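Asker: Sharing a structure here in structure tokens format.
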Amino acid sequence: DPLQTVALADLEAFYLPGLDLGAHTQAITTLTENGRIFGDPPNVVLDAVPEMMIHYSSNAASDYLHMLLGQQVIEETAVSLNLTSQTAPCPFVGQFLAMANYTRANNNDVTAIRQFADTPAEYGAYAMLLTDAYSNDPVFRAAQIDWRQQARRPKLEAQRLFTALLNPQGSAADYARLMARIASNGLSNGDSSYIARRYLEWPMQFSANQALFTNLGYKNGSLPGVLTTVYYAYPIDNPTPIVVALFFHDLPNQTYQQWRRNLPHDELARWLLYDPEAITILRDVLK
Numbered sequence: 259d260p261l262q263t264v265a266l267a268d269l270e271a272f273y274l275p276g277l278d279l280g281a282h283t284q285a286i287t288t289l290t291e292n293g294r295i296f297g298d299p300p301n302v303v304l305d306a307v308p309e310m311m312i313h314y315s316s317n318a319a320s321d322y323l324h325m326l327l328g329q330q331v332i333e334e335t336a337v338s339l340n341l342t343s344q345t346a347p348c349p350f351v352g353q354f355l356a357m358a359n360y361t362r363a364n365n366n367d368v369t370a371i372r373q374f375a376d377t378p379a380e381y382g383a384y385a386m387l388l389t390d391a392y393s394n395d396p397v398f399r400a401a402q403i404d405w406r407q408q409a410r411r412p413k414l415e416a417q418r419l420f421t422a423l424l425n426p427q428g429s430a431a432d433y434a435r436l437m438a439r440i441a442s443n444g445l446s447n448g449d450s451s452y453i454a455r456r457y458l459e460w461p462m463q464f465s466a467n468q469a470l471f472t473n474l475g476y477k478n479g480s481l482p483g484v485l486t487t488v489y490y491a492y493p494i495d496n497p498t499p500i501v502v503a504l505f506f507h508d509l510p511n512q513t514y515q516q517w518r519r520n521l522p523h524d525e526l527a528r529w530l531l532y533d534p535e536a537i538t539i540l541r542d543v544l545k
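When the letters of the sequence shown are read in order and numbered with the working numbering, they come out as residues 259 to 545.
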């Protein structure tokens, strides 16, 4: 039921500060300003939670939905969508705590990550255990937040190693096919396609997009050294959608930080969407 109420505290229970460029806080602030957080204690409707995940990139909203649906459903959905290169994701908070947390006796996070890479089932179970502890035990959660602020872990080396070895993997080709499927209303039923498009097409609120496209869907992502962006768009007067999926990995840290701030990869994607000659030009350059 999209109108089911969700306690804001249940979302906040998955929030690990300092890891999402303020995305979760921005989502809460905007919903509050728009009168969409209500009651005492405060609540939101379930319909707003995917919006927080897609529009604002709230990891806490993603983790809440992940645990609500369950790991098995998440993995089965990836298979049903033919994401052939996709590996099983764990909740974000579980991933970050698996990298480093206050219960680890030593500070050798790199060694722990390499051991997890050799035993992926053990890693998955540990990440889910940490997710459960963080979201359900206020004492554990407060201790972890305080420890992280003091210890400043995980360090960048550990984060990048974790991204390379344990973060869920996927391919630009798989996600391009998925976006094309969504753009053509090709999910399992009409309702699913409509709901997915309603969330993904939030950029159509901007006049610049309205001037160029009848529909535009978008999602981006970032992890240390990794940037992704996927689009589908229907240019005005063109009944055929254009799909762009750009995945970058192993970016040097300076490049990663600059691109994360300035989004040149996103500008490349938008050029490919709105300029009819762009794809041909890029193809010629890459030959």
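Beta carbons: idealized from backbone N, C-alpha and C, even for Gly.
Everything numeric in this text was worked out from a predicted model, so none of it was measured.
If you compare alpha carbons, which of Leu261, Arg456 and Val307 is closest to His282?
Answerer: Of the candidates Leu261, Arg456 and Val307, the one whose C-alpha sits nearest the C-alpha of His282 is Val307.
Asker: Under the three-state reduction of DSSP, which class applies to Asn467: helix, strand or coil?
Answerer: Three-state result, Asn467: helix.
Asker: Pro499 by DSSP, collapsed to three states: which one?
Answerer: DSSP places Pro499 in coil when its eight states are reduced to three.
Asker: Leu485 lies in the beta strand (DSSP E); which residues open and close that run?
Answerer: Unbroken beta strand (DSSP E) run through Leu485: Val484 to Pro493.
Asker: Confirm, please, whether the CB-CB distance from Val368 to Glu333 is below 8 Å.
Answerer: No, the Cβ-Cβ distance between Glu333 and Val368 is not below 8 Å.
Asker: CA-CA distance, Ala336 and Ala383?
Answerer: Cα to Cα, the separation comes out at about 19 Å.
Asker: Look up Phe272 in the DSSP assignment and give the residues it is bridged to.
Answerer: In DSSP, Phe272 forms no bridge with anything.
Asker: Run the CB neighbour count on Leu474, radius 10 Å, all protein chains shown included, and call it buried at 16 or more, exposed below.
Answerer: By the neighbour-count rule (16 or more Cβ atoms within 10 Å), Leu474 is buried.
Asker: Which one or two residues does DSSP pair with Tyr476 in a beta bridge?
Answerer: Bridge partners of Tyr476: Tyr489.
Asker: Just checking my contact of Ala385 with Cys348 at CB under 8 Å: how many whole Å lie between their CB atoms?
Answerer: Yes, Ala385 and Cys348 are in contact; Cβ-Cβ is about 4 Å, under 8 Å.
Asker: Any idea which residues DSSP pairs Thr421 with across the strands?
Answerer: Answer is none; Thr421 lacks a bridge partner.
Asker: Taking Cβ to Cβ, would you say Met357 is nearer than 8 Å to Gln417?
Answerer: In this structure, Gln417 lies closer than 8 Å to Met357 by Cβ.
Asker: Which residues in the same chain as Ala503 place their Cβ atom closer than 7 Å to its Cβ, once the five residues preceding and following it in sequence are excluded?
Answerer: Cβ within range, chain order: Ala430, Tyr433, Ala434, Met437 and Val488.
Asker: Checking 8 Å against the spacing of the C-beta atoms, do Pro497 and Ala441 come in under that value?
Answerer: Cβ distance not < 8 Å, so Pro497 and Ala441 don't count as in contact.
Asker: Quick one: what does DSSP say Asn301 is sitting in, helix, strand or coil?
Answerer: Reduced to three states, the DSSP call for Asn301 is strand.
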